[in-house]
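These notes are about the structure you will find just below.
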Amino acid sequence: MSQEKRRQRRNQYLLERLSWPDIQRRIENGSRTVILPIGAVEQHGPHLPLGTDSFIGESLGCRLAAELGDALVAPVIRVGVSEEHTSFSGTISVGIDALFETIRGHVRSVATHGVETVVLLPTHGGNIPPVRTIAPELADELPETTVVPIADLDRYTKAMNRALSEVGIEIDEPVIHAGATETAAMLAIEPDLVSMEDADPGHEGDVSYARILNHGFEAVTESGVLGDPTVATTEAGEHLLSVLTEEFSDWIHSERTAANP
Ligand SMILES: [Zn+2]
40 MSQEKRRQRR NQYLLERLSW PDIQRRIENG SRTVILPIGA VEQHGPHLPL GTDSFIGESL
100 GCRLAAELGD ALVAPVIRVG VSEEHTSFSG TISVGIDALF ETIRGHVRSV ATHGVETVVL
160 LPTHGGNIPP VRTIAPELAD ELPETTVVPI ADLDRYTKAM NRALSEVGIE IDEPVIHAGA
220 TETAAMLAIE PDLVSMEDAD PGHEGDVSYA RILNHGFEAV TESGVLGDPT VATTEAGEHL
280 LSVLTEEFSD WIHSERTAAN P
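Our numbering runs 39 ahead of the 1-based position in the sequence shown.
Here is the structure:
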């Protein structure tokens with residue numbers, strides 16, 4: 040997908056790039072789902088920018104909105120819970136309570152004016168547990184709104200590994216961070232921000248997520264990379280984003296149908 044098409048898509052679906060009458064009209068015409076991407080600003084090795092998860096979230100959110108045909112995209116929550124990366128320069132983490140409050144504020148705000156479904160789309164593993172905690176709480180608070188958390192790390196990881204395998208890149212990234220999957224996605228989304236000459240394999244093979252959370256990423260990988268980013272390609276990234284878009288739009292469809300049979 041060209042950068043021009045990507046720009047047009049952002050202008051078409053992101054709330055912050057639309058005027059209120061545009062948004063009112065779109066909702067009246069049936070766009071009653073809002074997708075809220077929840078990213079991070081944290082180290083992604085020497086070859087990727089800190090905003091990787093946020094850029095992926097925005098791109099995936101816009102692709103999902105285009106695929107669904109009746110959705111808009113809220114501004115990405117760019118900073119989340121990234122305590123395990125804070126020993127690397129530039130990483131910002133606001134902690135879990137601040138993230139909870141930020142998600143609450145976003146969902147309460149968008150769940151008005153006729154919006155029926157809010158999709159929580161975390162694209163950073165560390166934000167998945169907070170999203171799983173807050174989604175049922177928000178669903179109770181807002182009985183008129185269907186809250187759909189796309190927060191199943193296992194499903195996410197399997198879809199990403201499968202997507203790369205389908206384009207001939209055989210990897211097994213048990214914990215996805217700055218390796219082939221995210222590097223491929225970034226080559227497709229923001230190639231100017233990827234420095235392949237600085238890409239080197241990091242820790243490969245099994246890794247304990249609990250160890251990472253307790254001792255930080257530096258306990259398992261000096262560069263901050265898990266897996267081998269050097270095998271990533273733009274084509275693989277495009278395919279990966281298409282597979283995730285299809286997987287998650289099916290997920291949203293079935294959750295909306297279950298809520299309004
Ligand atoms: Zn990431």
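Backbone N, C-alpha and C define an ideal beta-carbon position, used for all residues, glycine too.
These figures come from a predicted structure and were not determined experimentally.
Unbroken alpha helix (DSSP H) run spanning residue i, endpoints
i	result
L283	T273 to A298
I251	Y248 to H254
I167	I167 to E180
P60	W59 to E67
L192	L192 to E205
L226	A219 to I228
A110	First-last for A110: A110 to V112, but that is the beta strand (DSSP E), not the alpha helix (DSSP H).
A137	I135 to V149
R45	Q42 to Y52
Nearest neighbour of residue i, chosen from the options [CA to CA]
i	options	result
G108	I131, V73 and V118	V73
P60	H152, G119 and P88	H152
L232	P188, R65 and D92	D92
T141	P88, R102, T272 and L75	L75
V264	L103, E123, L57 and N166	E123
S281	Y248, D239 and I228	I228
S98	K44, R71 and A137	K44
S288	I251, L160 and E67	L160
R143	T162, G165, P175 and H216	P175
R357	P300, T296 and E286	Nothing in the structure corresponds to residue 357, since the chain is present only between 40 and 300.
G165	A198, I131 and E183	I131
R194	I167, L181 and E180	I167
D239	L226, I251 and T222	T222
P230	T272, V187 and N68	T272
V149	E183, V170 and G241	E183
Cβ-Cβ separation, residue j to residue i (assumed contact under 8 Å), whole Å
i	j	result
L111	I77	Contact flag wrong, Cβ pair sits at about 16 Å.
D237	H86	4 Å
P268	D245	Contact doesn't hold; Cβ gap of about 18 Å is too wide.
I135	V120	5 Å
V133	V115	About 14 Å; that fails the 8 Å criterion.
V154	I189	Rounded, the Cβ-Cβ distance is 17 Å, inconsistent with contact.
L54	A113	6 Å
Heavy atom of ligand 1 within 7 Å of residue i beta-carbon
i	result
E221	yes
T141	no
D92	yes
H242	no
H124	no
H86	no
H292	no
H278	no
H83	yes
H254	no
H163	yes
H216	yes
Delimiting residues of the beta strand (DSSP E) encompassing residue i
i	result
L160	T156 to P161
P76	T72 to I77
T185	T185 to P188
L99	Premise fails: L99 lies in the alpha helix (DSSP H), T91 to L107, not in any beta strand (DSSP E).
Other residues of its chain near residue i: CB distance less than 6 Å, five sequence neighbours each side excluded
i	result
S126	G255 and E257
E302	The structure shown does not extend to residue 302, since the chain is modelled only from 40 to 300, so the question has no answer here.
A79	D92, G119, S121 and H163
G129	L89
H83	T91 and A217
Residues near residue i in its chain [Cβ-Cβ closer than 7 Å; skip 5 each side]
i	result
I208	A219, V270 and A275
A224	I95, G276, L279 and L280
V206	E274, A275 and H278
S293	none
E106	T284 and S288
R48	C101 and A105
Chain-order list of residues whose beta-carbon lies under 8 Å from that of residue i (same chain, five-residue window excluded)
i	result
A298	T156 and T185
T172	F139
Y52	G100, C101, A104, A105, A110, L111 and V112
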